Amino acid sequence: DAGITQSPRHKVTETGTPVTLRCHQTENHRYMYWYRQDPGHGLRLIHYSYGVKDTDKGEVSDGYSVSRSKTEDFLLTLESATSSQTSVYFCAATGGLSYEQYFGPGTRLTVT
Amino acid sequence: GDSVTQMEGPVTLSEEAFLTINCTYTATGYPSLFWYVQYPGEGLQLLLKATKADDKGSNKGFEATYRKETTSFHLEKGSVQVSDSAVYFCALSEWDYKLSFGAGTTVTVRA
């Protein structure tokens, strides 16, 4: 897993509440990513970061925001959780040279 | 934009059978191609990769060849084991360090 951890690993929350997921990496990778995994869709990119305080939207960014104040941490926030955001969320990182991304273990989020 | 299409599953095989998972891609440039594997309850891990045309990636008995003329990167293994049961994802990346994934193929190998 190249030193990537995610917290929490499981979370159940109610519709309308804010939720923050944390990704932490120990390899000093420059690029970090948040994906969601849903049946039949593979992994879809939510947001990514190409450096501290440098972030950009992915293909499914509506309802999500991110922040990266330190190289090692990348936070994903659901401003007001909806049932459609029930999913498994994966964080990934890469140093860039080989394009290979290293993935965290995932966070299973259920919005009731 | 970039996209990846891989064969739909699920695929169920017996041990020692031959496995092929088809993957084709659409890209504007010259992407790097990857196969990732996800074992139950885990995150994705890189299985193999190829960075230019005619490259063959290989790992753990799996192989895939980057075919530019057919825009394909099919995954093969000659003799599967129960431990190969997993979800397999084909993916590509161009200059921007973002990955585009296929939908995934679930493979179950029975003893």
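Taken in order, these protein sequences are the chains called B and X.
If you want my numbering, it's the 1-based position in the first sequence plus 1.
If you want my numbering, it's the 1-based position in the second sequence plus 2.
In this text, a Cβ means the ideal position worked out from N, Cα and C, and glycines have one as well.
Just so we're clear, the structure is a prediction, and the values are computed from it rather than from any experiment.
(1) Taking C-beta pairs closer than 9 Å, name the residues in chain X that B:H42 reaches, listed in chain order.
(2) Applying the 10 Å Cβ sphere with the 16-neighbour rule, what's the burial state of X:W97?
(3) Closer than 7 Å to a non-hydrogen atom of the ligand NAP - does that hold for the CB of B:S81?
(4) From B:W35 to B:L110, what does the alpha carbon distance come to, in whole angstroms?
(5) Using Cβ-Cβ distances below 8 Å, what residues of the region 75–92 of chain X are close to chain B?
(6) DSSP has X:I23 in a bridge; who is on the other side?
(7) Can you give the Cα-Cα distance for X:Y32 and B:G17, rounded to whole angstroms?
(8) Kindly say whether B:D2, judged by its beta-carbon, lies nearer than 8 Å to any beta-carbon of chain X.
(9) Enumerate in chain order the residues of its own chain whose CB-to-CB distance from B:F104 is below 6 Å, with the five nearest sequence positions on each side excluded.
(10) So what's X:D98 in DSSP terms, helix, strand or just coil?
(11) Going straight from the alpha carbon of B:G43 to that of X:P42, what length do you get?
(12) Starting from the C-beta of X:T28, find all residues in its chain whose C-beta is less than 6 Å away, skip the five residues before and the five after it, and write them out in chain order.
(13) If I'm right that X:Y68 touches X:K54 with Cβ under 8 Å, what's the distance once you round it to whole angstroms?
(14) How about B:G96 and B:Q7: are their beta carbons less than 8 Å apart?
(15) So the candidates are B:H25, B:G4 and B:I47; which of them puts its Cα closest to the Cα of B:V89?
(16) For X:L49, would you say it is in contact with chain B, using Cβ-to-Cβ distances shorter than 8 Å as the test?
This is what the structure holds:
(1) Within the first sequence, numbered from 1, the residue matching residue 42 of chain B stands at position 41. Neighbours of B:H42 on chain X, chain order: F103, A105 and G106.
(2) In the second sequence, residue 97 of chain X corresponds to position 95, counting from 1. Its Cβ having fewer than 16 others within 10 Å, X:W97 is exposed.
(3) Looking for the ligand NAP in the displayed structure turns up nothing, as the structure carries no ligands at all.
(4) Taking the first sequence and counting its residues from 1, one reaches residue 35 of chain B at position 34. Taking the first sequence and counting its residues from 1, one reaches residue 110 of chain B at position 109. Distance between the alpha carbons of B:W35 and B:L110: 14 Å.
(5) Result list: F91.
(6) Taking the second sequence and counting its residues from 1, the one referred to as residue 23 of chain X is at position 21. Residue pairing by DSSP places X:I23 opposite X:L77 in a beta bridge.
(7) Here residue 32 of chain X corresponds to residue number 30 of the second sequence, with the count starting at 1. Here residue 17 of chain B corresponds to residue number 16 of the first sequence, with the count starting at 1. Each residue's Cα considered, the two are about 43 Å apart.
(8) Locating residue 2 of chain B in the first sequence gives position 1, counting from the first residue. Note that B:D2 scores a pLDDT of 48, beneath 50, so its modelled location is shaky; the value from the coordinates is reported in the next line. It does; some Cβ of chain X falls within 8 Å.
(9) Position 103 of the first sequence, counting from 1, holds the residue named residue 104 of chain B. Cβ neighbours of B:F104 beyond the five flanking positions: F91 and A93.
(10) In the second sequence, the residue the question calls residue 98 of chain X occupies position 96. Coil, per DSSP.
(11) Translated into the one-based positions of the first sequence, residue 43 of chain B becomes position 42. Translated into the one-based positions of the second sequence, residue 42 of chain X becomes position 40. Each residue's alpha carbon lies about 15 Å from the other.
(12) The residue you call residue 28 of chain X lines up with position 26 of the second sequence. Closer than 6 Å at Cβ, skipping near neighbours: S5.
(13) Position 66 of the second sequence, counted from the first residue, corresponds to residue 68 of chain X. Position 52 of the second sequence, counted from the first residue, corresponds to residue 54 of chain X. Indeed, because the Cβ distance is near 7 Å, the residues count as touching under 8 Å.
(14) Counting from 1 along the first sequence, the entry for residue 96 of chain B is found at position 95. Counting from 1 along the first sequence, the entry for residue 7 of chain B is found at position 6. No.
(15) For this step, residue 89 of chain B is matched to residue 88 along the first sequence. Checked all of B:H25, B:G4 and B:I47; the closest Cα to B:V89 is B:I47.
(16) As a first step, residue 49 of chain X is located in the second sequence; it is residue number 47 there, counting from the start. For X:L49, the answer is no, since every Cβ of chain B falls outside 8 Å of its Cβ.
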